[in-house]
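All remarks here apply to the structure that follows.
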Amino acid sequence: EVYFKNLSKQKQKEVMEKNGNNHKLRVCVATCNRADYSKLAPIMFGIKAEPQFFELDVVVLGSHLIDDYGNTYRMIEQDDFDIHTRLHTIVRGEDEAAMVESVGLALVKLPDVLNRLKPDIMIVHGDRFDALALATSAALMNIRILHIEGGEVSGTIDDSIRHAITKLAHYHVCCTRNAEQHLIAMCEDHDRILLAGCPSYDKLLSAKNKDYMSIISMWLGEDVKTRDYIVALQHPVTTDIKHSIKMFELTLDALISFNKRTLVLFPNVDAGDKEMVRVMRKKGIEHHPNFRAVKHVPFDQFIQLVAHAGCMIGNSSCGVREVGAFGTPVINLGTRQTGRETGENVLHVRDADTQDKILHALQLQFGKQYPCSKIYGDGNAVPRILKFLKSIDLKEPLQKKFCFPPVKDNISQDIDHILETQSALAVDLGGTNLRVAIVSMKGEIVKKYTQLNPKTYEDRLALILKMCVEAASEAVNVNCRILGVGISTGGRVNPREGIVLHSTKLIQEWSSVDLRTPISDALHLPVWVDNDGNCAALAERKFGHGKGIENFVTLITGTGIGGGIVHQHELIHGSSFCAAELGHIVVSLDGPECLCGSQGCIEAYASGIALQREAKKLHDDDLLLVEGMSMKEEEIVSAAHLIQAAKLGNTKAESILRTAGTALGLGVVNILHTMNPSLVILSGVLANHYVNAVKDVINQQALSSVKTVDVVVSNLADPALLGAASLVLDYTTRRIY
């Protein structure tokens, strides 16, 4: 450590000598809005505190100078910074063209300013369209650019702008290890990349304002307590303005219904922002007793407000970045921050298309306290950045060099090849066998392992871990990147916690079992667990007949009868995770006894176990075998023998299968009258034997409005494994709602 410190001092000394001992680095910091100033201000304070090394020029443009957005340039003056130049660059308008015109206006005005200032380096932050104009002007005028927060991934047009600025910038300050790797992957020179952390975290992690109650009272009212209010900050998504306006309406409706005091901040200057303000006024937010609508909150006070809030909701990067430092619950709406690294405090609602979904997210998150996250910084970013600035050698060539990787022949870069390598470990816990498979994004089973399912909990869990470790190792050899582990198991499952609550009688010692924790700890991968019927429905939704269908039901006809229900593209679990126990729909009050203890269930008539029971009765009475059939003495009678006998003309076997098909059909009719799906998918080994009987019962018994429903047989070879894989492949970000 001492060696590297001395080496760094020596390098700084050499740089000072090269640049001229009396030459101070002239730094121009350009800020466009309240958000980027919160990141740039700590750096500006650091530069100002070292006048022997730096000269600071501050340029203010963008929404800082607009009254509708709070004239936030005043907070820069309050921080005692001299503003060298104010540039009015925002062209008023409500569509994408206004943003383009604003960039053009900035490009017209900036050259004169930069000619007068002649900075050695310009510091540009983030991914706003104003920042793109700054970087373009500086690059074309041969001014070195230091870009803050490059390499990150979020959503909308911001990603494209951020990466465009990266290509124009000469030096890069990034906040996370992943961002650093992205910059390297974008062929930026590793020597010109600094992993410093987010500058705002220097202030966040040292914020200890004991008088936070006065700040809460000032902005939300005297009667508001900590953890009992919401901060809402939502911006338009410029690539889908209409949808983002609708989402904002739904958010406000949900907040009104949730009935908690809420601080709503006005949106950024973007296409669609005026429409969002009109939505606020249409709903009376500015005059609603539960709401406080404001254009701007000083950053020091905003920190205290989000630190002590019961929840933050919206699509601001602040929610997924800064708020994690306090462990405040966050609900991230829509796609604007898709791809951001987040802590456990963030619940993503990607398709915020109903008020109820947002309201449910509020009920889940409000008032919780999560561990504090330091993904984006450790509080020491500014010293690192200042040290980095001092190391810049102005005599080095200005022209950027890109570090392209060596190009190898015969390496496929086809997108299908890339997608296929993203895979899941799928585990299927059946009554007889335990199976593990590597499943690709396209649903191809790349490799499969099968073992007998042990009878005891300890042996079963040990075998699952052993098989998963072997499969994960083999995945490397078959060029598959494992994204997570999905587990399909019989019984009632709590998928939120990854716990098997109650098992079927076919799997012993399998109740109150936490599967997620030991497997995740052993493999260092996220783990999802669900009931086998639900997994079959997920498999159909991703790979089978259910793809693109809004409402459908899957029925598994095998050893038992199970299923899953997809309603409005979402799997239904029920309040106690007991939804879609379709095999236990009662179709006769005095029918045969079911394994669940009831009588007359579909499973008691139509499952493999039920058919085996009836086959044994016929065999015991010498009524099973007909001409063309034979059985060995030690051979166990099964449902297959009953089906074979029926095909060969055994009228009693035919009658049993007809009754089983009728029972299943009556159950399907009940489902149609309850859920009204547009599609019924029969899956499992008995599906082909039942499909015609089910259609006949629907025609005879169902209401005319549901008789047109499609009933099809699944074309998936292995729905249990594919469903377990889809748990992973559909939800590779752990906290997606």
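Just so we're aligned: 611 in the working numbering is position 610 of the sequence shown, and the numbers increase by one with no gaps anywhere.
All C-beta atoms in this analysis are idealised placements derived from N, C-alpha and C, irrespective of residue type, glycine included.
Please read these numbers as outputs of a predicted model, since none were measured by experiment.
Range of the contiguous beta strand (DSSP E) that encloses residue i
i	result
ILE550	From DSSP, ILE550 is part of no beta strand (DSSP E); its letter is neither H nor E.
ASP429	423-430
ASP500	Correcting the residue identity first, residue 500 is Ile in this sequence and not Asp. Run containing ILE500: 500-503, per the beta strand (DSSP E) assignment.
HIS620	Run containing HIS620: none in the beta strand (DSSP E); it sits in the alpha helix (DSSP H), 609-621.
ALA31	26-32
DSSP state of residue i mapped onto helix, strand, coil
i	result
TYR70	helix
ASP731	helix
GLU56	strand
ASN116	helix
ARG129	coil
LEU739	Residue 739 falls outside the range modelled here, since the chain spans only 2 to 738, and no answer is possible.
CYS319	helix
LEU723	helix
ALA718	coil
ALA197	coil
SER103	helix
GLU223	coil
GLN79	helix
VAL61	strand
MET123	strand
GLU594	strand
LEU205	helix
PHE46	helix
ARG341	coil
ASP417	Its pLDDT being 48, under 50, ASP417 is placed unreliably by the model, and the measurement read from it follows with that caveat. Helix.
Sub-8 Å separation of residue i and residue j beta-carbons
i	j	result
HIS148	ALA165	no
LEU658	ILE637	no
VAL729	VAL681	no
HIS173	ILE144	no
CYS33	GLY63	yes
VAL298	LEU266	yes
SER207	GLY380	yes
LEU665	TYR691	yes
THR675	ALA607	no
VAL494	ASN532	yes
ALA294	LEU363	no
GLU604	GLY575	no
ALA382	ALA197	yes
ALA703	LEU673	yes
GLY485	LEU430	no
CYS188	PHE405	yes
PRO678	PHE553	yes
LEU556	LEU683	yes
VAL447	ALA425	no
ARG93	VAL61	no
Outcome for residue i when other beta-carbon atoms lying within 10 angstroms are tallied against a minimum of 16
i	result
LYS809	In the structure as shown, the chain starts at 2 and stops at 738, and residue 809 therefore has no counterpart that could be examined.
MET632	exposed
ARG735	Because ARG735 carries a pLDDT of 39, less than 50, the predicted location of this residue cannot be relied on, and no value is offered for it.
SER715	buried
PRO43	buried
GLU471	exposed
PHE262	According to the sequence provided, residue 262 is Arg. The question's Phe does not apply to it. ARG262 is buried by the Cβ-count criterion.
GLY105	exposed
SER138	buried
MET630	exposed
THR457	exposed
VAL479	exposed
Extent of the continuous alpha helix (DSSP H) to which residue i belongs
i	result
ASP522	517-524
VAL695	688-702
TRP511	Neither: TRP511 is in no alpha helix (DSSP H) and is coded neither H nor E.
LEU643	640-648
ARG659	652-676
VAL307	300-308
ASP212	Per DSSP, ASP212 belongs to no alpha helix (DSSP H) and is neither H nor E.
CB contact check: residue i to chain B, cutoff 8 Å
i	result
ALA703	Absent from the structure is chain B; it holds one protein chain and no more.
Heavy atom of the ligand ZN within 7 Å of residue i beta-carbon
i	result
ALA272	Here there are no bound small molecules, and the ligand ZN is not part of this structure.
Exercise. Which residue spans inside the segment 236-285 form an unbroken alpha helix (DSSP H) run of at least 4?
Worked result: 242-259 and 274-283
Can you check the segment 354-388 for any alpha helix (DSSP H) of at least 4 residues that lies completely inside it and give the ranges in chain order? 356-366
Entirely within the segment 534-589 and at least 3 residues each: give me those beta strand (DSSP E) ranges in chain order. 553-558 and 562-568
Secondary structure, alpha helix (DSSP H): runs of 4+ residues fully inside the segment 451-491:
458-478
Any beta strand (DSSP E) of 3 or more consecutive residues that is wholly inside the segment 148-184: 172-175
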